[in-house]
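One structure is given below, encoded as structure tokens.
In the numbering used here, the protein residues as written are 1027 to 1382.
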């Protein structure tokens, strides 16, 4: 009992908390920011450079993308409140896990970094040669775990992602609904849909369905709540995040129905009618209209497909599909579905009101 109490106090002192929230929400959400600040922004910068012929932008983008593993790991370490030496040492861990994890690198980085960070925190400031011991333990544990586990973790994540994409190609209608609704819900929940899509390397037709679901949530909430939140709310949710509505959803879960139903409609329209595909960075599949990253991702995929011969040109139908799936239908459908719900009293006068 005494030993158990001592260990509990020691872990508390080291700020090591074993919880689903810390690892499944805080760490995952932070990892998405690391992905955005490296792979995603690097892809956008590179694409701008390629389209404008500005070579320096292509170079800048390449360096940003090269820092993906390190950026993810440091972001996760920040969320886990690591001491400085542990935090800085995680850069090497992230590089190793991301490279060895292959297509499923982001998931490998998440798992390996959590272990490395917590082991690093255990020894942090426990010796007089902390500047040697802490980085050695953090990097040693992280790289060894990467060598032993990252390829398997990456393969498992990649297999799941491939299975989802295969199923979407096989059954575009039903999987279009399923992927769109699930990823859209994940975007509004306090977890990271972007990190999930990146971890599973979710691209192609399934990626397009994911984009549809995310846009349905963001644009849907933005439009149906315009009466309460005006232009500030429209932009905060429409190009920011629908996560702002989580407090209101907890109070009245019925307000979530219009965007969810809208995603169930736009998902199969994306997969069956417009064959909307996300062939850009997988992380963009889970970003929706946040900073227009989802749409930029689709566009970079078009450019990439043209470059490798998979697509002849960007057509008018491509642009019409993108506008309908990402902006017009999500807003229109959510607004229409909300009208009878407001009349029945399922959605009250200020149920969608945000404190902006």
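We treat Cβ as the ideally placed atom computed from N, Cα and C, and that holds for glycine. Here the structure is a predicted model, which means the values were calculated and not measured.
Residue i versus the options, residue with shortest Cα-Cα distance
i, options, result
"residue 1320", "1241, 1346, 1328 and 1287", "1241"
"residue 1057", "1076, 1365, 1125 and 1137", "1137"
"residue 1059", "1032, 1078, 1035 and 1095", "1095"
"residue 1048", "1141, 1279, 1209 and 1207", "1141"
"residue 1102", "1121, 1084, 1065 and 1055", "1055"
"residue 1216", "1041, 1052 and 1035", "1052"
"residue 1169", "1195, 1125 and 1331", "1125"
"residue 1192", "1112, 1178 and 1233", "1233"
"residue 1041", "1365, 1139 and 1145", "1145"
"residue 1178", "1269, 1129 and 1366", "1129"
"residue 1251", "1158, 1265, 1357 and 1172", "1357"
"residue 1189", "1231, 1166, 1287 and 1172", "1231"
"residue 1392", "1183, 1114, 1381 and 1116", "Lying before the first or after the last residue shown, residue 1392 is absent from the chain, which here runs from 1027 to 1382."
"residue 1156", "1109, 1323 and 1183", "1109"
"residue 1149", "1260, 1376 and 1039", "1039"
"residue 1298", "1210, 1259, 1197 and 1344", "1197"
Buried versus exposed, by CB contacts within 10 Å (16 or more), residue i
i, result
"residue 1276", "exposed"
"residue 1219", "buried"
"residue 1325", "buried"
"residue 1147", "buried"
"residue 1064", "buried"
"residue 1278", "exposed"
"residue 1077", "exposed"
"residue 1165", "buried"
"residue 1295", "buried"
"residue 1032", "exposed"
"residue 1322", "buried"
"residue 1310", "buried"
"residue 1118", "buried"
"residue 1079", "exposed"
Cross-strand partners of residue i (DSSP beta bridge)
i, result
"residue 1304", "1230"
CB-CB length for residue i against residue j, believed under 8 angstroms
i, j, result
"residue 1092", "residue 1071", "At roughly 12 angstroms, the Cβ-Cβ gap does not stay under 8 angstroms, so residue 1092 and residue 1071 are not in contact."
"residue 1378", "residue 1243", "Contact doesn't hold; Cβ gap of about 13 angstroms is too wide."
"residue 1374", "residue 1213", "Not confirmed; about 24 angstroms, so no contact."
"residue 1304", "residue 1335", "Their Cβ separation, rounded to whole angstroms, is 19 angstroms, which puts residue 1304 and residue 1335 out of contact at 8 angstroms."
"residue 1221", "residue 1176", "Rounded, the Cβ-Cβ distance is 17 angstroms, inconsistent with contact."
"residue 1238", "residue 1293", "5 angstroms"
"residue 1264", "residue 1315", "6 angstroms"
"residue 1105", "residue 1203", "Between residue 1203 and residue 1105 the Cβ distance is about 32 angstroms, and since that is not below 8 angstroms, they are no contact."
"residue 1280", "residue 1367", "7 angstroms"
"residue 1302", "residue 1348", "7 angstroms"
"residue 1184", "residue 1288", "30 angstroms between Cβ atoms; not a contact."
Straight-line Cα distance separating residue j from residue i
i, j, result
"residue 1308", "residue 1132", "11 angstroms"
"residue 1370", "residue 1283", "14 angstroms"
"residue 1067", "residue 1098", "13 angstroms"
"residue 1363", "residue 1235", "20 angstroms"
"residue 1273", "residue 1151", "39 angstroms"
"residue 1195", "residue 1089", "34 angstroms"
"residue 1226", "residue 1205", "12 angstroms"
"residue 1160", "residue 1229", "38 angstroms"
"residue 1035", "residue 1162", "25 angstroms"
"residue 1262", "residue 1248", "8 angstroms"
"residue 1143", "residue 1300", "44 angstroms"
"residue 1350", "residue 1365", "21 angstroms"
"residue 1286", "residue 1208", "9 angstroms"
"residue 1027", "residue 1318", "In this prediction, residue 1027 has a pLDDT of 46, which is less than 50 and means its spatial position is unreliable; what the coordinates show is noted afterwards. When rounded, the distance between both Cα atoms is 55 angstroms."
"residue 1037", "residue 1043", "7 angstroms"
"residue 1352", "residue 1201", "18 angstroms"
"residue 1158", "residue 1173", "22 angstroms"
"residue 1100", "residue 1372", "44 angstroms"
"residue 1045", "residue 1171", "21 angstroms"
"residue 1330", "residue 1061", "20 angstroms"
"residue 1123", "residue 1116", "10 angstroms"
"residue 1139", "residue 1187", "21 angstroms"
"residue 1224", "residue 1180", "11 angstroms"
"residue 1258", "residue 1346", "27 angstroms"
"residue 1211", "residue 1376", "22 angstroms"
Within-8 angstroms CB hit, residue i to chain D
i, result
"residue 1110", "Judged by its chain identifiers, the structure shown contains no chain D, having just a single protein chain."
Residue i beta carbon near the ligand FAD (any heavy atom closer than 7 angstroms)
i, result
"residue 1249", "Ligands in the displayed structure: none, and consequently the ligand FAD is not present."
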